[in-house]
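Asks: For the sequence shown, this note's numbering assigns the number 254 to the last residue and increments by one with no breaks. C-beta atoms are modelled at their ideal positions from N, C-alpha and C, and glycine is treated no differently. First the structure, which I've put down as structure tokens, then a few questions once you've had a look.
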Amino acid sequence: MVYLLVFLVSSLGILLIFGVRMLLRHRSVRRLVRSVKTRFDSVEERGAVLLEETNIEKPKRNPRTSAIELQKVRALMRSAERALALQQYDQTEQLFIQALTIHPDSVDTRAQLAKLYLMTGRYAKAEALYKELLLTRDDVSFFANLGLAYYHQEKFVDACHAYQEALNRDPQTPERSAALGRACIAARRFEEAAPLLEKALMRLSRDTELMHMLAECYLQLQQKEKAEEAYRKINKLEPYNEGVKQKISALANA
């Protein structure tokens with residue numbers, strides 16, 4: 001009986017201790033909540049503005065073309081080269097466009113497409129592409145091909161400007177001077193054309209087409225002696241050209 005009494009008293013004591021602890025813990029939690037609320041109210045009173053939650057965007061994928069994409073582009077370019085060799089121009093264009101869909105910033109692919117447009121007589125499209133390319137890369141061939149696109153559209157003054165830019169970057173190549181001289185004649189800038197053709201013929205001394213242009217240029221400038229001399233040079237290279245002989249005779253008797 002004594003043991004039972006001791007057990008009951010001990011049990012009550014343990015329960016009392018747990019109860020006191022729970023009460024203290026509950027009061028502590030309530031005190032913490034009141035403290036946080038007080039601080040929150042204080043912040044609002046000081047005019048603080050609470051920011052809404054925002055979703056953090058995931059970083060964008062690296063813009064560089066992945067290895068797999070590069071392999072696809074290379075495969076498409078090889079297919080385009082084969083199609084071009086077979087003169088399958090529509091298919092070649094589609095393949096270039098597919099490659100640009102994967103890698104739209106590829107200068108080389110856009111340059112190949114622009115050249116295709118130039119080859120197939122789509123000069124307005126070639127002009128637009130070469131203008132875009134020149135915003136990205138300062139390339140002498142882009143200026144030269146832009147000049148050719150202008151020339152075929154009879155935009156001769158624009159052609160002169162483009163060819164001049166090509167010549168500025170590559171003054172040692174006689175074809176640059178010849179192209180600019182041809183454009184100047186088309187634009188009726190004969191005084192500018194003559195020295196350009198003379199310079200080109202110093203290196204292309206057997207190019208009778210350039211000689212014909214230079215002779216006609218001299219005639220436009222009323223330089224008959226120089227025109228006759230140019231026709232005589234042509235006559236040495238084309239002795240059976242009756243038209244040249246007639247022009248020499250007419251100039252000699254003028």
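1. Determine the closest residue to E175 out of A149, A80, D207, with distance taken between C-alpha atoms.
2. Locate the alpha helix (DSSP H) running through E130, then write down its first and last residues.
3. Is it true that the CB of A99 sits closer than 8 Å to the CB of M119?
4. Nearest by alpha-carbon distance to L116: which of Q246, E81, Q172 is it?
5. Mind reading off the beta-carbon distance from L135 to Y163? Whole number of angstroms is fine, and I expect it under 8 Å.
6. Do the CB positions of L148 and A178 come within less than 8 Å of each other?
7. Below 6 Å CB to CB, which residues in the same chain sit around A193 once its five sequence neighbours on both sides are set aside?
8. With D108 as the anchor, note down where its alpha helix (DSSP H) starts and where it stops.
9. Between R203 and L197, what straight-line distance do the alpha-carbon atoms span, to the nearest angstrom?
10. Between the Cα of A137 and the Cα atoms of Q223, K236, D108, R189, which residue gives the shortest distance?
11. Given that a residue counts as buried once 16 or more other Cβ atoms are within 10 Å of its Cβ, and exposed if not, what is R25?
12. DSSP on H103, reduced to helix/strand/coil?
13. Can you tell me which of the three DSSP states P171 falls into?
14. Taking the alpha carbon of L84 as the reference point, which residue from A215, Q112, A144 has its own alpha carbon closest?
15. Can you list the beta strand (DSSP E) stretches of 3 or more residues lying completely in the region 184–251, in chain order?
16. Three-state secondary structure (DSSP) at Q88?
17. Using DSSP with H/G/I as helix, E/B as strand and the rest coil, what is R74?
18. Distance, Cα to Cα, E228 vs Q246?
19. I'd like to check one pair, I97 with E69: are the Cβ atoms closer than 8 Å?
20. Hey, how far is the Cα of A187 from the Cα of A144?
21. Give the straight-line distance between the Cα atoms of S205 and A67, rounded to the nearest whole angstrom.
22. Are there 16 or more other CB atoms within 10 angstroms of the CB of A230, so buried, or fewer, so exposed?
Replies: In brief:
1. Out of A149, A80, D207, D207 has the C-alpha closest to the C-alpha of E175.
2. Here residue 130 is Tyr; the residue named in the question, Glu, does not match the sequence. Element bounds for Y130: 123–136.
3. Taking a C-beta distance under 8 Å as the contact criterion, M119 and A99 do not qualify as a contact pair.
4. From the listed residues Q246, E81, Q172, the smallest Cα separation to L116 is found for E81.
5. In this structure L135 does not touch Y163 by the C-beta definition: roughly 19 Å separates them, more than the 8 Å allowed.
6. Not a contact, by the Cβ cut-off of 8 Å.
7. Sequence-distant partners of A193 (beyond 5 residues in either direction) whose C-beta falls short of 6 Å from its own C-beta, in its chain, are G181, C184, I185, C217.
8. 107–119 is the extent of the alpha helix (DSSP H) around D108.
9. Their Cα atoms are separated by approximately 10 Å.
10. For clarity, residue 137 is Arg in the given sequence; the question names Ala instead. Of Q223, K236, D108, R189, the residue nearest in Cα terms is D108.
11. Caution applies to R25, whose pLDDT of 47 falls short of 50 and renders its modelled position unreliable; the value that the coordinates give is listed next. When all chains shown are included, R25 counts as exposed.
12. Coil.
13. In this structure, P171 counts as coil in the three-state DSSP scheme.
14. Residue Q112 is the option with its Cα nearest to L84.
15. Runs of the beta strand (DSSP E) inside the region 184–251: none found.
16. In the structure shown, Q88 falls within a coil segment according to DSSP collapsed to helix, strand and coil.
17. Reduced to three states, the DSSP call for R74 is helix.
18. E228 and Q246 have their C-alpha atoms some 11 Å from each other.
19. Not in contact: E69 and I97 (Cβ atoms no closer than 8 Å).
20. Their backbone Cα atoms lie some 17 Å apart in a straight line.
21. One C-alpha to the other measures close to 50 Å.
22. Result: buried.
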